[in-house]
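The numbering of the sequence shown is full-length UniProt numbering, which starts it at 1 and goes up by one.
Glycine is no exception: its CB is placed at the ideal position from the N, C-alpha and C atoms.
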Amino acid sequence: MSIDITDLRSFYASPLGAVTRRYVGRAIDRFWGPLTGLRVLGLGYAPPYLSTARTEAERTIAFMPASQGVVNWPSTGVSASALVDPLTMPLPEASIDRVLVVHALETVESPSELLHEIWRILTPGGRIIMVAPNRRGLWARMDTTPFGYGQPYSRSQLKSLMRQTWFSPEGWAETLYVPPLASRLVLGTAQAWESIGSGFSLPFAGLHIVEATKQLYRPGTVMAVRRSRRTVPVFVPATASRIGTPP
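This is the structure we're talking about:
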């Protein structure tokens, strides 16, 4: 089940959305690394987290799924956003260096097809950062936020999905330990929730954030070769008594 673009914009304009942008953005920024001269794609609803990439990268674009809707981004200047089918993106092979996936993996019909398509457009050694709801966290169980829609994931499920689609997981982070409530008291203690949750590696974080690298070679399937059975003639030598005997 997808969420509408209007609801996404409203969420990020709210106090709870501001807290989300702050902590998720910090985690994403730790994974970006140097972006100078690179081409970056945000897939899903990524504009709240693309400020660093837009400042440093050679080119930054935002693709938004047709089922969700699209907004103009950035708000000033030439638009760098487009409405697409995320399973068949209008990009050539090996044309993007970094991909940020947020508000997409949990709502797409076929997550494996989505990652295969991302693999196609990534350069050799290109990296993907995925943001996905944690199935053990409160954020996946409440539809008051965009992360309460679609399919949440455990860490083992994400690992399995990435390996099936030719990605190697390299870095993990969990964030949003604060409950998804709009209460001023809760939001005012968000830093304490994050510090305690990350300090003790508690299992109920709202989100998984994982960085993975594109494998350069797709694994091949080795087919067993069956040997066909053939009838081979056997020549039996004639006995000495039969040699020279007239018919």
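Task: Residue environment, S2, which counts as buried when at least 16 other CB atoms sit within 10 Å - done: With 16 or more other Cβ atoms within 10 Å, it is buried.
Open item on the list: Please report the straight-line C-alpha distance between H116 and M162, rounded to a whole angstrom.
Closed with: Our two residues, H116 and M162, have alpha carbons roughly 9 Å apart in a direct line.
- [ ] Return the CA-CA distance between R26 and R54, expressed in angstroms with no decimal places.
- [x] Looking at the backbone, the Cα of R26 and that of R54 are separated by about 16 Å.
Open item on the list: Relative to the C-alpha of D85, which candidate in N72, T107, G77 and T76 has its C-alpha closest?
Closed with: Among N72, T107, G77 and T76, the Cα nearest to that of D85 belongs to T107.
- [ ] Please state if the CB of R135 and the CB of L38 are separated by a distance shorter than 8 Å.
- [x] Contact: no.
TODO: Tell me whether E58 sits in a helix, a strand or coil according to DSSP, three-state version.
DONE: Annotated three-state conformation of E58 is coil, per DSSP.
Task: Three or more C-beta pairs below 8 Å linking the region 125-144 and the region 208-216 - done: Yes, the region 125-144 touches the region 208-216.
Task: Opening and closing residue of the beta strand (DSSP E) in which E117 lies - done: Per DSSP, E117 belongs to no beta strand (DSSP E); it is in the alpha helix (DSSP H), P111 to I121.
Open item on the list: Tell me the rounded alpha-carbon separation between V222 and E58.
Closed with: At V222 the pLDDT is 45, less than 50, meaning the model places this residue with poor confidence; the figure from the coordinates comes in the next sentence. Distance from the CA of V222 to the CA of E58, rounded to the nearest whole angstrom, comes to 41 Å.
Task: Counterpart residues of E174 in DSSP-defined beta bridges - done: Its beta-bridge partners are H208.
- [ ] Measure how close the beta-carbons of S112 and Q164 come, nearest whole angstrom, since I'm counting them as under 8 Å.
- [x] Correct: roughly 6 Å between the Cβ atoms.
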